[in-house]
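Participant: Per our numbering, residue 590 is the first one in the sequence shown, and the count goes up by one each step.
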Amino acid sequence: MMDDISLSEPILGSEEQRALCDVIESRWLTMGERVIAFEKAFAGVHKVGGGVALSSCTAALHLALEASGIGIGDEVLVPSLTFVATVNAVLYVGATPIFVEIEDLHHPHISIVDAAAKLTKKTRAVILMHYGGYVADLVQWRQFCDQNELILIEDAAHAPAVGKVGQLSDAATFSFFSNKNLSTAEGGMLLSKHQGVLQRARMLRAHGMSTDTLTRHKGHAFSYQVSMLGYNYRMDELRAAIGLVQLAQLENWNRKRFEITQIYRHFLSEKIPNIGIPFHMESETAAHLMPVLLPRQSNREKVMAALRRLGIQSSIHYPSVHKFDYYQKRFPGIVLPRTEEFCERELTLPLHPSLGEADVTRVVESLKDALEKN
Ligand SMILES: *Cc1c(COP(=O)(O)O)cnc(C)c1O
Numbered sequence: 590m591m592d593d594i595s596l597s598e599p600i601l602g603s604e605e606q607r608a609l610c611d612v613i614e615s616r617w618l619t620m621g622e623r624v625i626a627f628e629k630a631f632a633g634v635h636k637v638g639g640g641v642a643l644s645s646c647t648a649a650l651h652l653a654l655e656a657s658g659i660g661i662g663d664e665v666l667v668p669s670l671t672f673v674a675t676v677n678a679v680l681y682v683g684a685t686p687i688f689v690e691i692e693d694l695h696h697p698h699i700s701i702v703d704a705a706a707k708l709t710k711k712t713r714a715v716i717l718m719h720y721g722g723y724v725a726d727l728v729q730w731r732q733f734c735d736q737n738e739l740i741l742i743e744d745a746a747h748a749p750a751v752g753k754v755g756q757l758s759d760a761a762t763f764s765f766f767s768n769k770n771l772s773t774a775e776g777g778m779l780l781s782k783h784q785g786v787l788q789r790a791r792m793l794r795a796h797g798m799s800t801d802t803l804t805r806h807k808g809h810a811f812s813y814q815v816s817m818l819g820y821n822y823r824m825d826e827l828r829a830a831i832g833l834v835q836l837a838q839l840e841n842w843n844r845k846r847f848e849i850t851q852i853y854r855h856f857l858s859e860k861i862p863n864i865g866i867p868f869h870m871e872s873e874t875a876a877h878l879m880p881v882l883l884p885r886q887s888n889r890e891k892v893m894a895a896l897r898r899l900g901i902q903s904s905i906h907y908p909s910v911h912k913f914d915y916y917q918k919r920f921p922g923i924v925l926p927r928t929e930e931f932c933e934r935e936l937t938l939p940l941h942p943s944l945g946e947a948d949v950t951r952v953v954e955s956l957k958d959a960l961e962k963n
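In structure tokens form, the structure reads like this:
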């Protein structure tokens, strides 16, 4: 019996263990020097002014919107092909999500043409999601947002440390959940070039308090003021310590993921010519996911079950957000034919830096076998 090939796998070793032990020995567990060091290092890798480390990307999306002044009565253009958190964050601040259609099945980023068609007097922002790690056309979106006086937010949960991610937007959000390219188990980051956004996000992260624990501990301040309604979205020192170790490897791992993606593309187009592979060989990508589009006539659930029996994990990224019960009830009647077709035919294959060429061959051959029978 061969080992299962998992969809994703965090890489954690002795360096992470040592980093965790150091934190425990230091007896300073949250909001300390390591969080600050991780923020600086992460912003540095992205060549962006500054970062705020948070408990999740969901928290980062929430604060990106709130710190940018988006709220009740505002409309925010969002993809439906995304993780539900992207859209939930818009509802957290009381704004209305406006779902934008994807360009086409091979370029499943949101369409600038559809975005333009959905502009109203209330539109205030766009959330761009770099699907699968493939970087959307940031120059074009920056222009679009400048022309229409919109705030540009990147949901970069799939795309850390690649291209110009983080540099052209007003805020970019990242996830360090256990299946992402860099993992701290749970965690997130907000990057922004605007000092005001960073400052507000930093206060919102910790109950709207004017001074933080470390400053008071050092005796630089003795009390604090609360001038806004904040949250507890802090990152702790243990996670920041793991993040710092992981960050040193991130670009290597991204490169490894990219190489594995290229091997997939070759094998897939050779062995299963009727399968669709979104984007192309030269696309700029952090290669977070390996998505394929199954032929129209195949039964995805049966294909996934057959893969499972062959020891191959697979997944779906994503069921479209506007079709979830909660969203259908709240925003009925939305139709996005291209997004819906993509979401019905998409299958995500295993992709992580520890995969070898033999694993990729096995996945592709198993998929070919599963498709022939289903
Ligand atoms: C994972 C993910 C999130 C949420 O990240 P958390 O850190 O788990 O809150 C948001 N958006 C996208 C696109 C994601 O993939």
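Note that CB positions come from ideal geometry on N, CA and C, so glycine has one too.
1. Pro697 by DSSP, collapsed to three states: which one?
2. Can you tell me whether DSSP reads Ile691 as helix, strand or coil?
3. Mind listing, in chain order, the residues whose beta carbon lies closer than 6 Å to a non-hydrogen atom of ligand 1?
4. Among Val949, Ala837, Gly819 and Asn863, which one has its Cα closest to the Cα of Arg934?
5. With which residues is Val881 paired in a DSSP beta bridge?
6. According to DSSP, is Ala876 helix, strand or coil?
7. Does the beta-carbon of Cys610 have 16 or more other beta-carbons within 10 angstroms, so that it is buried, or is it exposed?
8. Return the residue from the list Met870, Ala760, Gln886 and Ser644 that minimises the CA-CA distance to His696.
9. Using the Cα positions of Ile687 and Val665, report the straight-line distance between them to the nearest angstrom.
10. Leaving out five residues before and five after Gly865 in sequence, what residues of the same chain have Cβ atoms less than 6 Å from its Cβ?
11. What is the rounded straight-line gap between the Cα of Val679 and the Cα of Glu859?
12. Under 8 Å, with one C-beta from each stretch per pair, do the stretch 667-683 and the stretch 623-642 reach the 3-pair mark?
13. With DSSP as the reference, identify every bridge partner of Phe965, one or two as the case may be.
14. For Ser781, which residues from the same chain have a beta carbon less than 6 Å from its beta carbon, with the 5 sequence-adjacent residues on both sides left out?
15. Assess, as a yes-or-no matter, whether the stretch 812-822 is touched by the stretch 607-623 under the definition of 3 or more beta carbon pairs within less than 8 Å.
16. Pull up the CB-CB distance for Val724 and Val751, whole angstroms please, since I reckon it's below 8 Å.
17. Quick check on the burial criterion: 16 or more other C-beta atoms within 10 angstroms. Buried or exposed for Thr671?
18. Assign Lys636 to buried or exposed, taking buried as 16 or more other Cβ atoms, counted over all protein chains shown, within 10 Å of its Cβ.
19. Return the chain-ordered list of same chain residues with a C-beta closer than 7 Å to the C-beta of Asp693, the five sequence neighbours on each side being excluded.
20. Determine whether the beta carbon atoms of Arg794 and Leu643 lie at a separation below 8 Å.
21. Which same chain residues end up closer than 8 Å to Met792 when comparing Cβ atoms and leaving out the 5 residues on each side of it in sequence?
22. Measuring CA to CA, which of Asp726, Met893, Tyr813 and Leu956 is closest to Ser872?
23. Is it true that the CB of Leu739 sits closer than 8 Å to the CB of Gly832?
24. Starting from Gly640 and walking both ways along the beta strand (DSSP E), at which residues does that stretch end?
25. Give the DSSP-derived three-state secondary structure of Val665 in the structure shown.
26. According to DSSP, simplified to helix, strand and coil, what is Glu743?
27. With distances taken from CA atoms, which of Ile691, His698 and Phe733 is nearest Leu708?
28. Can you find at least 3 beta carbon pairs, one from the stretch 916-923 and one from the stretch 897-904, that sit closer than 8 Å?
Facilitator: This is what the structure holds:
1. As a working note, residue 697 is residue 108 in the sequence shown. DSSP places Pro697 in strand when its eight states are reduced to three.
2. Counted from its first residue, the sequence shown places residue 691 at position 102. Of the three classes helix, strand and coil, the one that applies to Ile691 here is strand, per DSSP.
3. Ser645, Cys646, Thr647, Thr671, Phe672, Ala674, Thr675, Met718, Asp744, Ala746, His747, Ser764, Phe766 and Gly777
4. Locating residue 934 in the sequence shown gives position 345, counting from the first residue. Cα-wise, what sits closest to Arg934 is Asn863.
5. Residue 881 sits at position 292 when you count from the first residue of the sequence shown. In the DSSP output, where bridge partners are listed per residue, Val881 has Leu936.
6. Here residue 876 refers to the residue found at position 287 of the sequence shown. Here Ala876 sits in coil by DSSP.
7. As a first step, residue 610 must be located in the sequence shown, where it is residue number 21. Result: exposed.
8. Your numbering for residue 696 matches position 107 in the sequence shown. The shortest C-alpha separation from His696 is found at Met870.
9. As a working mapping, residue 687 is identified with position 98 in the sequence shown. As a working mapping, residue 665 is identified with position 76 in the sequence shown. Cα to Cα, the separation comes out at about 6 Å.
10. In the sequence shown, the residue the question calls residue 865 occupies position 276. Result list for Gly865: Leu882, in chain order.
11. As a first step, residue 679 is located in the sequence shown; it is residue number 90 there, counting from the start. As a first step, residue 859 is located in the sequence shown; it is residue number 270 there, counting from the start. Roughly 42 Å between the two C-alpha positions.
12. no
13. What is shown of the chain runs 590 to 963, which leaves residue 965 out entirely.
14. Indexing the sequence shown from 1 puts residue 781 at position 192. Excluding positions up to five away in sequence, the list reads Ala760 and Leu787.
15. no
16. For the purposes of this step, residue 724 is taken as the residue at position 135 of the sequence shown. For the purposes of this step, residue 751 is taken as the residue at position 162 of the sequence shown. Right, the Cβ-Cβ distance comes to about 6 Å (below 8 Å), so this counts as a contact.
17. Here residue 671 refers to the residue found at position 82 when the sequence shown is read from its first residue. Under this definition Thr671 is a buried residue.
18. Your numbering for residue 636 matches position 47 in the sequence shown. Exposed, because fewer than 16 other Cβ atoms sit within 10 Å of the Cβ of Lys636.
19. What you label residue 693 is simply residue 104 of the sequence shown in a count that begins at 1. So the qualifying residues of the chain are Arg927.
20. Position 205 of the sequence shown holds residue 794. Position 54 of the sequence shown holds residue 643. Going by C-beta atoms, Arg794 is nearer than 8 Å to Leu643.
21. On the sequence shown, residue 792 is found 203 positions in, with the first residue counted as 1. Met798, Ser799, Ser816, Met817 and Gly819.
22. Within the sequence shown, numbered from 1, the residue matching residue 872 stands at position 283. It is Asp726 whose Cα lies nearest to the Cα of Ser872.
23. As a working note, residue 832 is residue 243 in the sequence shown. As a working note, residue 739 is residue 150 in the sequence shown. Contact: no.
24. The residue you call residue 640 lines up with position 51 of the sequence shown. From DSSP, the beta strand (DSSP E) with Gly640 extends over Gly639 to Leu643.
25. As a working mapping, residue 665 is identified with position 76 in the sequence shown. Strand at Val665.
26. Taking the sequence shown and counting its residues from 1, one reaches residue 743 at position 154. Glu743 falls in the strand class under three-state DSSP.
27. Counted from its first residue, the sequence shown places residue 708 at position 119. Checked all of Ile691, His698 and Phe733; the closest Cα to Leu708 is Phe733.
28. no
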